[in-house]
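A short worksheet on the structure shown next.
Protein chains: 2
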Amino acid sequence: MKAKKGNLPRIQDVAKMANVSTATVSRALSFPDRVSEKTRDAVLQAIEKSGYTINQSARNLRRGGTGTILVLLPNLANSFFSRVLKGIETIASKEGFSILIADSQFPPIDEAAFGNLFNISRIDGAIVLDGNIPQSFFDRQNGRKPAMVFACEWIPGSKTAAFHIDNIAGAMMATDHLVALGHRKIGHVAGPPNNVLSRDRVTGFLQSLQKHGLGCPDDWKIQGDFTIESGVQAAQHWLSLNQEERPTALFCASDEMAFGLISELNQNGIKVPQDLSIVGFDDVEFAAHSIPALSTIHQPRRRIGEAAARALIHKIRDADAPPLPEMAFELELISRGSTAPFSNR
Amino acid sequence: MKAKKGNLPRIQDVAKMANVSTATVSRALSFPDRVSEKTRDAVLQAIEKSGYTINQSARNLRRGGTGTILVLLPNLANSFFSRVLKGIETIASKEGFSILIADSQFPPIDEAAFGNLFNISRIDGAIVLDGNIPQSFFDRQNGRKPAMVFACEWIPGSKTAAFHIDNIAGAMMATDHLVALGHRKIGHVAGPPNNVLSRDRVTGFLQSLQKHGLGCPDDWKIQGDFTIESGVQAAQHWLSLNQEERPTALFCASDEMAFGLISELNQNGIKVPQDLSIVGFDDVEFAAHSIPALSTIHQPRRRIGEAAARALIHKIRDADAPPLPEMAFELELISRGSTAPFSNR
DNA sequence: TTTATTTTTGTAATCGATTACATTATTGAT
DNA sequence: ATCAATAATGTAATCGATTACAAAAATAAA
């Protein structure tokens, strides 16, 4: 009962075995109802016996779709994204899509590489988690483009649906928390300057200060890039400031930076939160288990991933359907051990 | 200069535009040397002008390959894997392969889902990072199977090439370190019992103890599952032990568990390393920045990923070629702040 | 110049599943 | 029992690129 030539069994082989036409086999697989029970059983049995599996390339070619969605993220190694990915995967696999994952920063993606990935013959749609892809990469595409949504990050001004939290509000919550604890000298460790998230978080930070009649001198605004390492550098910067004029609290635009910061301060004998209060952003898994546990803004990463995936699949299935309703993702300030009331000492 | 019907431009359209046959266009793309410079330029120009991109499904169908490799990992959310992934991606993209990533535990993969993924018409090969896939899933396949290698984990007894460190040696290094610090009462927080890594690490742990004439009562062998949460539970277990008969040092089979452990102990007033020394395993990025910084066994995750990808691609290109030479991955004990010499107090 | 060799190009079959359309079988209504 | 309507199945064209084979063009050798 082998397929001839030592090759894989084809739909032809199954058809012959079950004494039906290839069309019937195809229908038995794709539209079971359109086939009588008797033949369906025969087909299924032939499939089982032959070990037939569908040839995806052939199906994709004929159907003009791939059942694959691309997830483009800035940094695979950053644990922040893995939860979002998990949300995407949950939905995608439930809906019968595979996901293709690519890292847009490493190796840095150029137009050619992008064009090769973001191609309707490879993918049905894409979820883009990187707001720094040049808009021109998308515009350059001819013909039918894959469906697309943004998640977490987005390109400002783009019309494409984007699923993300309100970063300004989040930053305000974090800063308000520090103010409420009695801090008046509050600094900020920012993300990379060309990043939308960084910008919104700086904005929220400043809005909160303004609301409370506080200001922030330039050297309390520390430039980082979301990595642990840049948190370490931020600590160096803080240590270099005049002891009397240092902030007594810092809002970090990411948990990772907060960890680097706290660790480096600790090496230098500075205690968090006694000497300095720190709030992070994201509530990565580890935040609850660091020492001290990190106060931070929780964002529902997994739900963001799920929402983005749902919206994308919706768009893939019917490009002209009205988009799914926007949803708001709730933020939550989680107060843990890294923040404490201001004390004069 | 549009393709007709509002559809994507096809190779036909390019051919017409460049006044050559489709065969020539195809050759200009796949074997530039087999085409005269003049026609090549004409073709390239036509491609540029039409915005043509190749239809991958058609190419895959005809060529009988997909240019895609699957990476099957147990848990996307675990930061351990992201570095390995990065290594895989570096090589894969350099060699012109895309990677398809799937999570084997969530949602738990069943035979049908596995068969759907691990299918020669979808992928050219797979890198499997999960040693708990039932062997039967692989055996059940008919016909030509995708190429495959294991990385990090593997199925004991399988003939398939596997790229991983010597876990027994690593566990011995970790345990030796504790012994060298003067500890005599040493416990172990193990990984999930059905996991090859756990088993080898337990073995190495016990071998080291034996070498030094030490033993380990059963209630110093704590069952975990590699997660932070199970580290927290291990701490509870340790705390529940009779104060006089507790281990003074613990070897954790993963850094994640060590973090959970240290954090929970800290909550209960136990200081690491003063009251208890702890070594982890893996040297995840955060290990250098936790408080205290974690002593651990460094494994070159990225290089493992690269080696696995290289070997797989080698196999894909020529299934019968002799396999690439095995390589040893060096381990390193990184001694940081979580371990200290035994003191009687 | 003529012939042999090599390079370049074209024609048309092919990969394997899907589906429009045509045909046959079945069911139900009268 | 007859006809209409519906269900089930089959035939063959099709998706778009690749490539075996054949033909034509260019180059080298005589």
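Quick mapping for you: the protein sequence lines, in order, are chains A and B. So my numbering is basically just the index in the first sequence, starting at one, shifted up by 56. So my numbering is basically just the index in the second sequence, starting at one, shifted up by 56. Each residue gets a CB set at the ideal place from its N, CA and C atoms; glycine is no exception.
- Proximity of chain B to THR352 (chain A) at the Cβ level (cut-off 8 Å) is not reached, the minimal Cβ distance being about 15 Å.
- Using a Cβ-Cβ cut-off of 9 Å, ASP159 (chain A) counts as an interface residue toward chain B, since at least one Cβ of chain B sits closer than that to its own.
- A Cβ-Cβ distance of about 4 Å is found for the pair ASN111 (chain A) and SER177 (chain B), placing them in contact under the 8 Å criterion.
- Scanning the segment 322–357 of chain A for uninterrupted beta strand (DSSP E) segments of 3 residues or longer gives 333–335, 352–354, listed from N- to C-terminal end.
- Closest in alpha carbon position to GLY123 (chain B), among B:ALA169, B:SER113, B:LEU129, B:PRO164, is B:SER113.
- For ILE176 (chain B), the nearest beta carbon of chain A is closer than 9 Å to its own beta carbon.
- Minimum Cα-Cα distance from SER86 (chain A) among the listed residues A:LYS72, A:VAL340, A:ASP159, A:ARG119 corresponds to A:ARG119.
- In chain order, LEU132, ALA133, ASP159, PHE162 make up the part of chain A whose C-beta sits under 8 Å from the C-beta of LYS142 (chain B).
- For GLU388 (chain A), the secondary structure class from DSSP, reduced to helix, strand or coil, is strand.
- By the Cβ rule, the segment 382–394 of chain B counts as touching the segment 328–345 of chain B, because three or more pairs are nearer than 8 Å.
- Taking a C-beta distance under 9 Å as the contact criterion, GLY260 (chain B) and ALA305 (chain B) do not qualify as a contact pair.
- About 17 Å separates the Cβ atoms of GLU388 (chain B) and GLY143 (chain B), ruling out a contact at the 8 Å cut-off.
- Around the CB of GLU93 (chain B), fewer than 16 other CB atoms lie within 10 Å, so the residue is classed as exposed.
- Burial is judged here by how many other beta carbons sit within 10 angstroms of a residue's own beta carbon; THR216 (chain A) has fewer than 16 and is exposed.
- ASP159 (chain A) carries a strand assignment under DSSP once its states are collapsed to helix, strand and coil.
- Under the three-pair Cβ rule at 8 Å, the segment 362–377 of chain B counts as touching the segment 217–224 of chain B.
- A contact between stretches requires three or more CB pairs, one per stretch, nearer than 8 Å, and the segment 228–240 of chain A fails this requirement with the segment 205–212 of chain A.
- DSSP places VAL245 (chain A) in the uninterrupted beta strand (DSSP E) bounded by 242–246.
- For THR124 (chain B), the beta-bridge partners assigned by DSSP are B:SER154.
- About 6 Å separates the beta carbons of ILE125 (chain B) and ALA148 (chain B), which is inside the 8 Å limit, making them a contact pair.
- The three-state secondary structure of LEU129 (chain A), taken from DSSP, is strand.
- ALA203 (chain B) has its alpha-carbon roughly 20 Å from the corresponding atom of ILE165 (chain B).
- In the assembly as shown, GLY271 (chain B) is an exposed residue. Its beta-carbon has fewer than 16 other beta-carbons within 10 Å.
- Burial check for LYS327 (chain A): the Cβ neighbour count within 10 Å stays below 16, so the residue is exposed.
- Along the segment 85–118 of chain B, the positions whose C-beta sits under 9 Å from a C-beta of chain A are SER106, GLY107, TYR108, THR109, ILE110, ASN111, GLN112, SER113, ALA114, ARG115, ASN116, LEU117, ARG118, read in chain order.
- Across the structure, GLU301 (chain B) and CYS308 (chain B) are spaced so that their CA atoms are roughly 19 Å apart.
- Among the residues facing chain A, LEU173 (chain B) is included, as its CB has a counterpart in that chain under 9 Å away.
- Judged by DSSP in its simplified three-state form, VAL235 (chain B) adopts helix.
- LEU156 (chain B) belongs to the set of residues whose beta carbon lies under 9 Å from a beta carbon in chain A.
- For GLU312 (chain A), the closest C-alpha among the options A:ASP331, A:GLY247, A:PRO329, A:ARG357 is that of A:GLY247.
- By the Cβ-count criterion, GLY243 (chain B) is buried, with 16 or more other Cβ atoms from all chains shown falling within 10 Å of its own Cβ.
- Considered as a whole, the segment 204–232 of chain B harbours no complete run of any alpha helix (DSSP H) with no fewer than 4 residues.
- Beta-bridge analysis with DSSP links LEU317 (chain B) to no other residue.
- PRO65 (chain A) places its beta carbon 9 Å or farther from that of GLY171 (chain B).
- Taken through DSSP and simplified to helix, strand or coil, PHE137 (chain B) comes out as helix.
- Around the CB of GLY325 (chain B), fewer than 16 other CB atoms lie within 10 Å, so the residue is classed as exposed.
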